[in-house]
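Asker: The structure under discussion is supplied below as structure tokens; questions concerning it will follow.
Residue numbers (the numbering used here): 101 to 340.
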């Protein structure tokens, strides 16, 4: 994936949420957006996913300009988004949740959609739960179903906004291991507080605080960064 930012600004009223002067990334496969709570990580991800709209500036993903995009359908066809909560339809089964978009948006035959969905559900280890509804699933199983729903349309870029934050540690571990095993399937951007996971998952990081990118680089360099603020953050988050 390639990301290019110039003078990107997003405000909520008088509050500045994002103010990024410049960023140019090329050839990134897995990107972790890290930093303190309230620092703008999720806002940046939502701008990348067109869920939020920037006030001004330029934001390009794979050479597509996102700011002011008139018809995002072609872009969104290539992008999957997974939220903090699974956002599954509670009245549908896992299989129905995964196939509904394929059938009614992409007009895929039901049999074909179900076969594709089952293949992906098997990849993430929840095929046996295909006929269950959301209330019958663990939080980790539901989040894995949400990941499949985002990927099954053929997305080339998966964006995940703290997908384990609502889960207890054991279920969070299940989802994190799923993402590690799935990361060769597509490019991914994840907002996460789990730095040990990010170290295994991501090949590049952005450190976002107060709406600005304080640092960025190969993932392993985050833990060696000499910036006192970043050192303090890393030491607290990875405290054992």
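Here a beta-carbon is modelled for each residue, glycine too, at the ideal position from N, C-alpha and C.
1. With a cut-off of 8 Å on the beta carbons, I'd call residue 243 and residue 275 a contact; round off their distance for me.
2. Do the segment 124-134 and the segment 284-302 make contact, defined as three or more Cβ pairs closer than 8 Å?
3. State buried or exposed for residue 320, treating a residue as buried only when at least 16 other CB atoms are found within 10 Å of its CB.
4. For residue 361, does the count of other Cβ atoms within 10 angstroms reach 16, so buried, or fall short, so exposed?
5. Mapping the DSSP letters down to three states, classify residue 138 as helix, strand or coil.
6. According to DSSP, is residue 240 part of a helix, a strand, or is it coil?
7. Going straight from the alpha carbon of residue 316 to that of residue 307, what length do you get?
8. Between the segment 218-237 and the segment 187-198, do at least 3 Cβ pairs fall closer than 8 Å?
9. Which first and last residues belong to the beta strand (DSSP E) in which residue 309 is found?
10. Can you have a look at residue 139 and say buried or exposed, based on whether 16 or more other CB atoms are within 10 angstroms of its CB?
11. Using a threshold of 9 Å, state whether the C-beta atoms of residue 157 and residue 120 are closer than that.
12. Under the assumption that residue 77 contacts residue 101 (Cβ atoms under 8 Å), give the Cβ distance between them as a whole number of angstroms.
13. Taking the CB atoms as reference points, tell me whether residue 322 and residue 305 lie closer together than 9 Å.
14. Using 8 Å as the cut-off, can you tell me whether the segment 150-164 makes contact with the segment 105-112, which would need three or more C-beta pairs spanning the two stretches below that distance?
15. Could you give the residue range of the beta strand (DSSP E) that holds residue 122?
16. Rounded to the nearest angstrom, how far is the Cβ of residue 189 from that of residue 149, given a contact under 8 Å?
17. Go ahead and label residue 171 buried or exposed: buried means 16 or more other beta carbons lie within 10 angstroms of its beta carbon, across all protein chains shown.
18. Using only the alpha-carbon positions, how far apart do residue 250 and residue 269 sit?
Answerer: Straight from the coordinates:
1. Here residue 243 really is in contact with residue 275; their C-beta atoms are around 5 Å apart, less than 8 Å.
2. Taking a contact to require three or more Cβ pairs closer than 8 Å, the segment 124-134 and the segment 284-302 qualify as touching.
3. By the beta-carbon neighbour count (other beta carbons within 10 angstroms, threshold 16), residue 320 is exposed.
4. Here the chain covers residues 101 to 340 and nothing more, so residue 361 does not appear.
5. Under the three-state reduction of DSSP, residue 138 is assigned to coil, being neither helix nor strand.
6. Under the three-state reduction of DSSP, residue 240 is assigned to helix.
7. Cα-Cα distance, rounded: 6 Å.
8. Three or more beta-carbon pairs separated by less than 8 Å link the segment 218-237 to the segment 187-198, which places the two stretches in contact.
9. Looking at the DSSP string, the run of the beta strand (DSSP E) that includes residue 309 is 304-309.
10. It is buried - the Cβ of residue 139 has at least 16 other Cβ atoms within 10 Å.
11. Result yes, Cβ atoms of residue 157 and residue 120 sit closer than 9 Å.
12. There is no way to answer for residue 77, as the model of the chain reaches only from 101 to 340.
13. Closer than 9 Å, so yes.
14. With a cut-off of 8 Å, the segment 105-112 and the segment 150-164 count as touching, because enough Cβ pairs lie within range.
15. Boundaries of the beta strand (DSSP E) harbouring residue 122: 115-125, taken from the DSSP string.
16. With 8 Å as the limit, residue 189 and residue 149 do not qualify as a contact, their Cβ atoms being about 20 Å apart.
17. With fewer than 16 other CB atoms across the displayed protein chains lying within 10 angstroms of its CB, residue 171 is exposed.
18. Their backbone Cα atoms lie some 23 Å apart in a straight line.
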